[in-house]
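Step one of this worksheet: look at the structure below.
Here is the structure:
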């Protein structure tokens, strides 16, 4: 029992140390340090690409969006007021870039979800494809919070900041989106 508590405390302090280190790196980036900006981006490189890919389902477009996001973040890093919100801030830039690209190419693309999703065996490729198609058919206001919560592990508060809505609206979008997904997937089966 004492060992479990000790391990939890060690993890807690390691997480706090990582957050503090990340805060300092972003703070230096805001101050104009290119190396710190690069470090901050490297921390979220995989996350940003994965998020872009979930929206575009296309490696080339995902890379374009990732690069545009990094460029815009670099140009505007001095406007970030609180280093603690770097991940939320850069996610918002990425989603804005996705929306711009979607408008530009008249596409409507996005990605994934939970509840019903957790019951699906990902080893079954056909069901996974059905899931992607079902998510693709959702309105963007439902897709975005579902993707950010269940595939990018953002909190309701972070999603609300990214989408510029209040938390209860986000909860409502997620609940309605899951219901719509469930209905679509039930109809397919």
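In the working numbering, the protein residues as written are 44 to 232. Glycine included, C-beta positions come from ideal geometry on N, C-alpha and C.
- Query: Whose C-alpha, out of 196, 89 and 181, is nearest the C-alpha of residue 226?
  - Reply: Scanning 196, 89 and 181 for the CA closest to the CA of residue 226 turns up 181.
Checklist line | Coarse secondary structure for residue 186, derived from DSSP in three states | finding: The answer is helix: DSSP assigns residue 186 an H, G or I state.
field: Where residue 134 falls, given that 16 or more other Cβ within 10 Å makes a residue buried
entry: Buried: at least 16 other Cβ atoms inside 10 Å.
Can you tell me where the alpha helix (DSSP H) holding residue 220 begins and where it ends?
210-231
Would you kindly check if the distance between the Cβ of residue 178 and the Cβ of residue 137 is under 8 angstroms?
no
(request) Could you tell me whether the Cβ atoms of residue 217 and residue 206 are closer together than 8 angstroms? (result) no
Exercise for the section: Pick helix, strand or coil for residue 97, following the three-state DSSP scheme. Expected result: helix
Less than 8 angstroms between the beta carbons of residue 223 and residue 175, yes or no?
no
Discussion item. Please classify residue 125 as buried or exposed, where buried requires at least 16 other C-beta atoms within 10 Å of its C-beta.
Written reply: exposed
Review point. Start and end of the alpha helix (DSSP H) containing residue 112?
Key: 102-119
Excluding five sequence neighbours on each side, which residues of the same chain lie with their C-beta closer than 6 angstroms to the C-beta of residue 215?
none
Check whether the Cβ atoms of residue 304 and residue 192 lie closer than 8 angstroms to each other. Only positions 44 to 232 of the chain appear in this structure, which leaves residue 304 out of reach.
_Rounded to the nearest angstrom, what separates residue 187 and residue 142 at their Cα positions?_
11 angstroms
| query | Which residue comes first and which comes last in the alpha helix (DSSP H) that contains residue 200? | reply | 199-206
> Around the C-beta of residue 98, are 16 or more other C-beta atoms found within 10 angstroms, so that it is buried, or is it exposed?
Replying inline: Per the 10 Å Cβ criterion, buried.
Determine the closest residue to residue 65 out of 113, 90 and 128, with distance taken between C-alpha atoms.
128
Go through its chain and collect everything with a Cβ distance to residue 231's Cβ below 6 angstroms, but skip five positions before and after it.
173
**OP:** Determine, using beta carbons only, whether residue 121 and residue 73 come nearer to each other than 8 angstroms.
**Re:** Going by C-beta atoms, residue 121 is nearer than 8 angstroms to residue 73.
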